[in-house]
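Let me begin by presenting the structure, written as structure tokens, before commenting on it.
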Amino acid sequence: MRVIGTAGHVDHGKSTLVQALTGINPDRLKEEQEREMTIDLGFAWLTLPSGESVGVVDVPGHIDFIENMLAGVGGIDAALLVVAADEGVMPQTREHLAILDLLKVSNGVVALTKRDLVDDDWLELVMADVSATLESTSLAGIAVIPVSARTRAGIPQLLAELDRVLAACPPRPDRGRPRLGVDRVFTVAGFGTVVTGTLIDGALAQGQEVMILPRGLTARVRGLQTHKKKIERAAPGSRVAVNLSGVDLTDVRRGDTVTTPGWLAPTLLVDTRFELLGDVARPLRHNSQVKFFHGATEATAQVRLLGDEQLAPGAEGWVQFRLAEPLNLVKGDRFIARLPSPSLTLGGGVVVDAHPTHRHRRFKSQVIAHLETLAQGSPSEILLQALDAAGPMVVAELLKKTNMAADAAMPLLNELVASGDVLALGGSPAQLQSNQAIISRAAWSSLSSRIAGELLTFHTTYPLRLGMPREELKSKLGLAPKPFNEVMALAASSGVLVESAAFVRAPDFAVTLTPDQQRAVDSLLARFRGAPYATPSIKEAEAAIGADVLAVLLEQGKLVKVSDEVLFLPQTYAAMVERVKEHIQKNSNITVAQVRDLFDTSRKYALALLEHLDAKGVTKRVGDERVLR
Ligand SMILES: Nc1nc2c(ncn2[C@@H]2O[C@H](COP(=O)(O)OP(=O)(O)OP(=O)(O)O)[C@@H](O)[C@H]2O)c(=O)[nH]1
Ligand SMILES: [Mg+2]
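Set out below in structure tokens:
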């Protein structure tokens, strides 16, 4: 589940393109339809050729509504930057691009719209200009695809490129700390309050208790939907509508955060690393007032320059912001600062400390040093980041990779295991050892969704096969035998797959036969019932129903294989074993001929059964006779 967001200058064709891609008109307000202009965020969704389901956030391009644009770009996986081929790069093309750059959105595609209005020479010039404009940004090098919503030229290429871009995006991490930045609140008759937003950092489940910040109201998740479909659990990185019980429409606003209780605290003071855009006309002054935008929320803020007299255009510095209203900030979150009038994006940055203990004195070297350390990450964040980027890993290997000493790292790793951020593979010991394999919760969530995806592909390709050979999954995941086995155990215990000796399958997968196959199976089984001790051979059974279907019957226990030739019904087999055992108990042994006579069958079947029982360790051959083992 992915989310993309449009960006680009007013009237360049963003909403028209969204409609062409999804069939949904994102401009749902009456005023928007009358003015033919997007004012507020619009939402749509589509399924890409690969089957990937994608939510689309459509933003307004007009400079008057740029604050609504800011409310929409948080949490997107990729940008769909729209530039009209007839106009080319315009002021809000640059401003939106600067915002995407500050938010470090590095995946995307440019749709060069209105291709039908320009000739090839002009198109080439505009393409070159767009690529040059992207050059110094996080989106440098992304594909530029000419399209026309009118003729649909280029739409298939655009969809294919979106597929390619999103497939290369790392999956959204599940940190077990869900946050949904509310971008819409409404009521639905009979259901009550519904909020929508992009869910990040964790999952939400139906029935769960949630907290709405900054006001700290508690509510319960009554229902969840994604792309208008009811779901029981919403995964991080998806667009979600949450039906909340226990709160009224007026209790929740755009910009609020829906989260789990107990960990997130709103803040009025925040330490950041801030970058002033290179093209603003004046330096940023200490004590100036700006508007601070975070997710779908904003607050007036006062700037404290901690290490600089003033910040020059294009420069970076340590800035503490004092917020006029509490915001739900988390370390590592990105934000944007703007001037409200004249409307101007100043720059943006990253939250380094969401809860500084006090207003810092300026020009203090300890303060700066402390922020520098925090920006690099605490030791346990460094450990976690290294684990997030890797798959399963042995503790000793992690210490080597992060260059950390065992006595410093082990207590931190034990804490991470206790808090659930790290999982110990192959059972969880009281204390981690250096040869213990571990995986971070985020890495596990992406690995388990990869496993689920591989299984789904396999089952779709081979609907008659009982499961994917373990070895095949192992090579797909590229894991060594030991970590693979440990990962399989975790996948099985957490319900990602079901394991049998040589196969793994999705928990909800079952082989379903076509009506023709089912008829063939029914008539074969009838032949077995008609002659239970002189059954069709394996060759005959394969000829009747196919080797694939026979394998299904064997796995399901509808037939029992006793040799390379002989099959019995399970009830026949059980009765034969019982009678052979009884006979030996009474007469102390049994011969092949006796078995043949007992069941009025031929020597072939009698011998196959006894050899099978020998192999299973039920009987033992002594001369021409069998005794119980
Ligand atoms: N000829 C032509 N016109 C287009 C195309 N795409 C959009 N338009 C027209 O361009 C105008 C603006 O389109 P919108 O989709 O509203 O533009 P927008 O980028 O969403 O505008 P804002 O949301 O206000 O920023 C409309 O009149 C569209 O019909 C296209 O491919 N070809
Ligand atoms: Mg629009």
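Using our numbering, you'd call the opening residue of the sequence shown number 231 and step up by one each time. Every residue, glycine too, gets a C-beta built ideally from N, C-alpha and C.
* residue 448 by DSSP, collapsed to three states: which one? -> Within the sequence shown, residue 448 is the residue found at index 218, counting from 1. Residue 448 falls in the strand class under three-state DSSP.
* The alpha helix (DSSP H) spanning residue 352 covers which residue range? -> Along the sequence shown, one-based indexing puts residue 352 at 122. Looking at the DSSP string, the run of the alpha helix (DSSP H) that includes residue 352 is 350-364.
* Asked: CA-CA distance, residue 406 and residue 436?
  -> Along the sequence shown, one-based indexing puts residue 406 at 176. Along the sequence shown, one-based indexing puts residue 436 at 206. So the two alpha carbons sit approximately 16 Å from each other.
* heavy atom of ligand 2 below 7 Å from residue 244 C-beta -> Within the sequence shown, the letter at position 14 stands for residue 244. Within the cutoff, so yes.
* To do: Quick one: grab the DSSP three-state call for residue 579.
  => Locating residue 579 in the sequence shown gives position 349, where the first residue counts as 1. Note: residue 579 maps to strand in three-state DSSP.
* Asked: Under the criterion of a Cβ to heavy atom distance below 7 Å, does residue 267 qualify as lining ligand 1?
  -> Here the question's residue 267 lines up with position 37 in the sequence shown. Yes, ligand 1 has a heavy atom inside 7 Å of this Cβ.
* To do: On a CA-only basis, which of 394, 786 and 432 is nearest residue 730? Give me that one, please.
  => For the purposes of this step, residue 730 is taken as the residue at position 500 of the sequence shown. It is 786.
* To do: Please classify residue 782: does DSSP put it in a helix, a strand, or coil?
  => Here residue 782 corresponds to residue number 552 of the sequence shown, with the count starting at 1. Looking at residue 782 - three-state DSSP - the assignment turns out to be helix.
* Name the residue from 610, 617, 249 and 665 whose alpha carbon lies nearest to the alpha carbon of residue 639. => Within the sequence shown, numbered from 1, the residue matching residue 639 stands at position 409. The shortest C-alpha separation from residue 639 is found at 610.
* To do: Using beta-carbon positions only, say whether residue 342 and residue 319 come within less than 8 Å of one another.
  => Taking the first residue of the sequence shown as position 1, residue 342 is located at position 112. Taking the first residue of the sequence shown as position 1, residue 319 is located at position 89. For residue 342 and residue 319, no; Cβs fall outside 8 Å.
* To do: Pull up the distance between the alpha-carbon of residue 571 and that of residue 563, whole angstroms please.
  => Translated into positions along the sequence shown, residue 571 becomes position 341. Translated into positions along the sequence shown, residue 563 becomes position 333. Between residue 571 and residue 563, the C-alpha separation is close to 25 Å.
* Counting pairs of beta carbons, one from the stretch 744-753 and one from the stretch 807-825, are three or more of them closer than 8 Å? -> no
* Asked: What does residue 849 pair with, by DSSP beta-bridge criteria?
  -> Looking up residue 849 in the sequence shown gives position 619. According to DSSP, which records beta bridges pairwise, residue 849 is partnered with 858.
* Would residue 227 be called buried (16 or more neighbouring beta carbons within 10 Å of its own) or exposed? -> In this structure the chain extends from 231 to 859, so residue 227 is not present and cannot be described.
* Output the distance between the C-alpha atoms of residue 284 and residue 275, rounded to the nearest integer angstrom. => Here residue 284 refers to the residue found at position 54 when the sequence shown is read from its first residue. Here residue 275 refers to the residue found at position 45 when the sequence shown is read from its first residue. For residue 284 and residue 275, the distance between alpha carbons rounds to 6 Å.
* Asked: In terms of DSSP beta bridges, what is residue 501 paired with?
  -> In the sequence shown, counting from the first residue as 1, residue 501 sits at position 271. Paired residues: 550 and 583.
* To do: Report yes or no: do the stretch 627-646 and the stretch 676-696 share at least 3 C-beta pairs separated by less than 8 Å?
  => no
* Asked: residue 339 and residue 388 look like a contact to me (Cβ under 8 Å); what is the Cβ gap, rounded to whole Å?
  -> Along the sequence shown, one-based indexing puts residue 339 at 109. Along the sequence shown, one-based indexing puts residue 388 at 158. Confirmed, about 7 Å.
* Three-state secondary structure (DSSP) at residue 750? -> Position 520 of the sequence shown, counted from the first residue, corresponds to residue 750. Helix.
* Go ahead and pull the three-state DSSP assignment for residue 285. => Taking the first residue of the sequence shown as position 1, residue 285 is located at position 55. DSSP places residue 285 in strand when its eight states are reduced to three.
* To do: Check the C-beta distance from residue 337 over to residue 308 and give it rounded, since I have them as a contact under 8 Å.
  => Residue 337 sits at position 107 when you count from the first residue of the sequence shown. Residue 308 sits at position 78 when you count from the first residue of the sequence shown. Contact holds; Cβ gap of about 4 Å.
* Asked: Does at least one heavy atom of ligand 1 sit under 7 Å from the Cβ of residue 312?
  -> Translated into positions along the sequence shown, residue 312 becomes position 82. Because some heavy atom of ligand 1 lies under 7 Å away, the Cβ of residue 312 counts as near it: yes.
* Asked: Using DSSP with H/G/I as helix, E/B as strand and the rest coil, what is residue 566?
  -> Position 336 of the sequence shown holds residue 566. In the structure shown, residue 566 sits in a strand (DSSP, three-state: E or B).
* Grab the span of the beta strand (DSSP E) containing residue 339 for me, first residue to last. => The residue given as residue 339 occupies position 109 in the sequence shown. From DSSP, the beta strand (DSSP E) with residue 339 extends over 338-343.
* Just grab the DSSP bridge partners of residue 416 for me. => Reading the sequence shown from its first residue, position 186 is the one you call residue 416. Bridge partners of residue 416: 424.
* Asked: Does any heavy atom of ligand 1 sit closer than 7 Å to the C-beta of residue 699?
  -> Start at 1 with the first residue of the sequence shown, and residue 699 comes out as number 469. Residue 699 Cβ: outside cutoff for every heavy atom of ligand 1.
* Asked: Can we count residue 241 as close to ligand 1, meaning its CB is less than 7 Å from some heavy atom?
  -> For this step, residue 241 is matched to residue 11 along the sequence shown. Because some heavy atom of ligand 1 lies under 7 Å away, the Cβ of residue 241 counts as near it: yes.
* Residue(s) in a DSSP beta bridge with residue 699 -> Here residue 699 refers to the residue found at position 469 when the sequence shown is read from its first residue. According to DSSP, which records beta bridges pairwise, residue 699 is partnered with 733.
* Asked: Taking Cβ to Cβ, would you say residue 203 is nearer than 8 Å to residue 581?
  -> Because the chain in this structure spans residues 231 to 859, residue 203 falls outside the shown range and cannot be described.
* Where are the alpha helix (DSSP H) runs, 4 residues long or more, that stay fully inside the stretch 657-722, in chain order? -> 671-691 and 700-707
* Looking at C-beta atoms only, is the number of pairs between the stretch 617-634 and the stretch 584-600 that lie closer than 8 Å three or more? -> no
* Whole angstroms is fine: what's the gap from residue 513's alpha carbon to residue 278's? => Along the sequence shown, read from residue 1 onward, the residue named residue 513 stands at position 283. Along the sequence shown, read from residue 1 onward, the residue named residue 278 stands at position 48. Spanning the two alpha carbons is a distance of roughly 45 Å.
* Cα-Cα, which of 502, 385 and 543 is closest to residue 553? -> Within the sequence shown, numbered from 1, the residue matching residue 553 stands at position 323. Closest by alpha carbon: 502.
* To do: Quick one: grab the DSSP three-state call for residue 433.
  => The residue labelled residue 433 in the question sits at position 203 within the sequence shown. In this structure, residue 433 counts as coil in the three-state DSSP scheme.
* Tell me which same chain residues have a C-beta within less than 8 Å of the C-beta of residue 359, skipping the five on either side of it? -> Position 129 of the sequence shown holds residue 359. Cβ within range, chain order: 318 and 319.
* Could you pull the start and end residues of the beta strand (DSSP E) that residue 473 belongs to? => Stepping through the sequence shown from its first residue, residue 473 is reached at position 243. Here the beta strand (DSSP E) through residue 473 covers 469-475.
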